[in-house]
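My numbering applies: residue 139 is where the sequence shown begins, and numbers increase by one.
Note that beta-carbon positions come from the ideal geometry of N, C-alpha and C, so glycine has one too.
Source: prediction; values computed, not measured.
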Amino acid sequence: MPYRYQAVYKDGKWQKGGLVEDSNLTLSEAAEDFHYGQEVFEGLKAYRCKDGSVNLFRPEMNAKRMQDSAKRMCMATYPIEDFVAAVKEVVKANQEFIPPYGTGGSLYIRPFMIGTEPMVGVKPSKTYVFRVFATPVGAYIKGLTPMPYFVSEFDRAAYAGTGQAKTAGNYAGSLYPSMKAKGEGYADCLYLDPREHKYIDEFGGANFYGVTKDGQFVTPKSDSILPSVTKKSLLEIAADLGMNPTEKQIKMSDFDQFNEAGAMGTAAVISPVGSLTYKDQKFVPFSETETGPYTKKLYDELTGIQMSERPDKRGWVQKVEL
């Protein structure tokens, strides 16, 4: 993309930021980020609507989550209103690259922040770079295609660790089990809790939900999973649909209570679980080829709001002034 946004933190405060054209960053070989992992990031999308306008979906929640991640990583926090303004600037500047309405594509937006102070010693950086760049993406998964998943023997994050922070280290640790699962024909891993290995936590890049046989929307409650904007939104949508949503610990041994299940997140929106393999036992919650009715309703309602095709009664959508 031609433009991205950059702001620098130094002398104890954020300096005035703005759009830049250079996609490269020049850092010292001793920069904090390279050696001690002070890095946080976010992911959200801009959607082209039928009338040509462009929507963002709850960007202030991504800004707040980035602040929470930064606090956990002992980093400076970027102001919420400045985060949202920066995202809108980047979308406006790169608007010609937003995929057309009806293609299933969107403009993926990646805000991130890194510690840049040169040091050889484990302590927080005193300088940071905040950036926002964007790239057009197609549909993550074509339609609501059920996918096979595998319960990993590895942990995504440590108990009382950084699982609730969106930081690179969590994802680096998930690369090996994810590649291992994909090499065996699965879409990705489902992780269990890192303390007892008996409760469902989340997928490698998305939160988990299940729908019980009586239509209740259930999602894990855990201190080691990433708080998802999509999950929080679907909890409210599920309530509107009369699904009596709840967050609670879910035993893996109780997985067969679900008649539908899926992964939910910004990239995939909702990816139905066609099958889940655990210790050589294969569970099929609904179908390996067809999407369950509750999952379809949740997907249609969420994407309908994002694209301004359904009422946005909570004010979740923000228009980008082009």
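According to DSSP, residue pairing for Asp361 in a beta bridge does not occur. Scanning its chain for C-beta atoms nearer than 7 Å, with the 5 sequence neighbours on each side dropped, one finds around Thr215 the residues Gln205, Ala208, Lys209, in chain order.
Within the region 390–457, the runs of beta strand (DSSP E) that reach at least 3 residues and sit entirely inside it are, in chain order, 396–403, 407–416, 419–421, 455–457. Per the C-alpha coordinates, the member of Glu170, Ala224, Asp149 positioned closest to Arg142 is Ala224. Straight across, the Cα-Cα distance linking Gly430 with Gly348 is about 11 Å. When only Cα atoms are considered, Thr265 and Val146 end up about 7 Å apart.
In terms of CA proximity to Val275, Thr404 leads the group Pro449, Val422, Thr404, Asp418. Per the DSSP secondary-structure output, Cys327 pairs in a beta bridge with Phe288. Contact between Gly400 and Ile408 is confirmed by a C-beta separation of about 5 Å, below the 8 Å threshold.
In the three-state reduction of the DSSP assignment, Gly311 falls in the helix class.
For Arg210, the enclosing alpha helix (DSSP H) begins and ends at 197–210. Taking the C-beta atoms as reference points, Ile247 is found no nearer than 8 Å to Val267.
DSSP places Asp339 in the strand class (E or B) of the three-state scheme. Counting the other Cβ atoms within 10 Å of the Cβ of Ser425 gives fewer than 16, which makes it exposed. For the beta strand (DSSP E) assignment, the uninterrupted runs of no fewer than 3 residues enclosed by the region 140–171 are, from N- to C-terminal side, 142–148, 156–158. In this structure, the beta-carbon distance from Gln176 to Pro262 falls below 8 Å.
In the structure shown, Leu460 falls within a coil segment according to DSSP collapsed to helix, strand and coil. Approximately 22 Å separates the beta-carbon atoms of Tyr329 and Ser371; this is outside 8 Å, ruling out the contact. With respect to Asp339, Arg294 sits close: the two C-beta atoms are nearer than 8 Å.
Classified as buried, Val411 has 16 or more neighbouring CB atoms from the shown chains inside 10 Å of its CB. Listed as beta-bridge partners of Ile252 by DSSP are Glu177, Val267. Boundaries of the alpha helix (DSSP H) around Thr368: 367–378.
Residue state for Ile247 is assigned as strand, using DSSP reduced to three classes.
For Val367, the CB contacts under 8 Å within the same chain, skipping 5 residues up- and downstream, are Leu182, Phe195, Arg196, Met199, Asn200, Arg203, Thr404 in chain order. With 16 or more other CB atoms across the displayed protein chains lying within 10 angstroms of its CB, Asn345 is buried. In this structure, Pro383 places its C-beta atom within 8 Å of the C-beta atom of Phe355. When Glu459, Pro423, Glu374, Phe179 are compared, the shortest CA-CA separation from Tyr437 is found for Glu374. For Val356, DSSP records a beta bridge to Gly348, Thr384. In this structure, the alpha-carbon of Glu219 lies about 16 Å from that of Gly453.
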